[in-house]
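Protein chains: 4
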Amino acid sequence: MAVAELCLFLLGTESPSVGKYLEPIIKVIKASGLKYHVCLMGTVVEGSVDEILELVKRCHETILNTGVKRVVINLKIDDRVDKPLTIEGKMGV
Amino acid sequence: MAVAELCLFLLGTESPSVGKYLEPIIKVIKASGLKYHVCLMGTVVEGSVDEILELVKRCHETILNTGVKRVVINLKIDDRVDKPLTIEGKMGV
Amino acid sequence: MAVAELCLFLLGTESPSVGKYLEPIIKVIKASGLKYHVCLMGTVVEGSVDEILELVKRCHETILNTGVKRVVINLKIDDRVDKPLTIEGKMGV
Amino acid sequence: MAVAELCLFLLGTESPSVGKYLEPIIKVIKASGLKYHVCLMGTVVEGSVDEILELVKRCHETILNTGVKRVVINLKIDDRVDKPLTIEGKMGV
Chain A
1 MAVAELCLFL LGTESPSVGK YLEPIIKVIK ASGLKYHVCL MGTVVEGSVD
51 EILELVKRCH ETILNTGVKR VVINLKIDDR VDKPLTIEGK MGV
Chain B
1 MAVAELCLFL LGTESPSVGK YLEPIIKVIK ASGLKYHVCL MGTVVEGSVD
51 EILELVKRCH ETILNTGVKR VVINLKIDDR VDKPLTIEGK MGV
Chain C
1 MAVAELCLFL LGTESPSVGK YLEPIIKVIK ASGLKYHVCL MGTVVEGSVD
51 EILELVKRCH ETILNTGVKR VVINLKIDDR VDKPLTIEGK MGV
Chain D
1 MAVAELCLFL LGTESPSVGK YLEPIIKVIK ASGLKYHVCL MGTVVEGSVD
51 EILELVKRCH ETILNTGVKR VVINLKIDDR VDKPLTIEGK MGV
């Protein structure tokens, strides 16, 4: 199990406010069934690396369907083999 | 006012668990007096860019004083001039 | 076509020098057939988002097979629909 | 001596092409006198952490002077105490 932070930077949207473009992204994350937590600088999800990368793929498709012409997807995946890594575990830190 | 996420990757610590090295960092952040929020993949702080960079400097000094031999400091600063940017504002998104 | 930067932070290694663990990663990237460029703070690859995510998956498997106990995969994917995005194009900037 | 990668994401520009806004940034980096290397997904500079953070401050001021309304500054600083870290050293990896 890994924990990842996903953050999308949208370029060329004319307005610096991009919340409306990110609403469908949160829906995709919700629909994935993965445990997630909307943080201040990105959304954190918990899952296998395969599940996380599959989610990134769907978020990429979704954001480009909103009419955004350019996106930089920023992804940090934390994974370890010596002990379980979960959102709850990280919250306890 | 800007909002930034600070995340430190510590290399060469022998154990993959690095929580003990990060405790003094949280103390430095607390002592800065800046508004902050410990998130799952980093700590988010609110302040002027000068205040944030000053805090990064102190965190860098502090982490190397813990005996860590190599650190990668990962910093994302979000700043805008068209409207205020605050931790509360981002929480409302 | 997208351009991505992949950077792996290896936590818990005995030494802060991690070059030996990254050699098999470069082999995996070479074997992918994708155009790539080893930069100073990560390796940049060019491909479809699917190809890039598939490569990330293989790099994840490979790095954990080297005995590393914890890895933070840092990925930035730049993609746009209004004009082609290539390594050569970015070099010309 | 540390080595850092600086990358600016400009939000709210009319076009997804942002090269023209980044030209003054390269001038500021040049004028800093620090060793630098324009890479594909950011510009890598070599210097003390103080020099790097000072440069980030000037880049922040400069980018907002170009009329950009929102910027996300993405900074990765790699620093170690066990042996020197330089752009040449990283190139030899």
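Protein chains in written order, with the UniProt record's numbering: chain A, 1 to 93; chain B, 1 to 93; chain C, 1 to 93; chain D, 1 to 93. Cβ atoms here follow ideal geometry from the backbone N, Cα and C, with glycine treated the same way. Just so it is clear, the structure is predicted and the values come from calculations on it, not from any experiment.
Cα-Cα separation between residue i and residue j, rounded to whole angstroms
i	j	result
D/LYS83	B/LEU64	13 Å
D/LEU6	D/GLY42	5 Å
B/TYR36	B/GLU23	15 Å
D/MET91	C/ARG80	29 Å
C/GLY89	C/ILE52	18 Å
A/MET1	A/GLU54	14 Å
D/ASN74	D/ASP50	17 Å
C/THR62	B/GLY33	43 Å
A/GLU14	D/TYR21	15 Å
D/LEU10	B/ARG70	30 Å
C/ILE29	D/VAL28	34 Å
Residue from the options with nearest C-alpha to residue i
i	options	result
A/VAL72	A/LYS90, A/LEU8, A/GLY42	A/LEU8
B/ILE26	B/ARG70, B/VAL56, B/ASP78, B/ALA2	B/VAL56
B/ALA31	B/LYS69, B/ASN74, B/CYS59, B/ARG70	B/CYS59
D/ALA4	D/GLY33, D/SER48, D/LEU10	D/SER48
As assigned by DSSP and simplified to three states, the class of residue i
i	result
C/GLY47	strand
D/LEU22	helix
D/VAL56	helix
B/GLU61	helix
D/GLU88	helix
D/VAL3	strand
C/LYS76	strand
C/VAL28	helix
A/LYS83	coil
C/LEU34	coil
D/VAL68	coil
C/LEU11	strand
C/VAL93	In this prediction, C/VAL93 scores a pLDDT of 49, lower than 50, which makes its location untrustworthy; the coordinate-derived value is nonetheless stated afterwards. Looking at C/VAL93 - three-state DSSP - the assignment turns out to be coil, as it is neither helix nor strand.
C/PRO16	coil
A/CYS39	coil
Classification of residue i by the beta-carbon crowding that lies within 10 angstroms, buried from 16 upward
i	result
D/LYS76	buried
B/THR86	exposed
C/VAL38	exposed
C/GLU46	buried
C/ASP78	buried
Supposed contact pair residue j and residue i - C-beta distance, whole angstroms, cut 8 Å
i	j	result
B/GLY67	C/PRO16	B/GLY67 to C/PRO16, Cβ: 12 Å. No contact.
C/VAL44	D/LEU40	4 Å
Cβ-heavy atom distance, residue i to the ligand NAD, below 7 Å
i	result
A/VAL68	Among the components modelled here there is no ligand, and therefore nothing to report on the ligand NAD.
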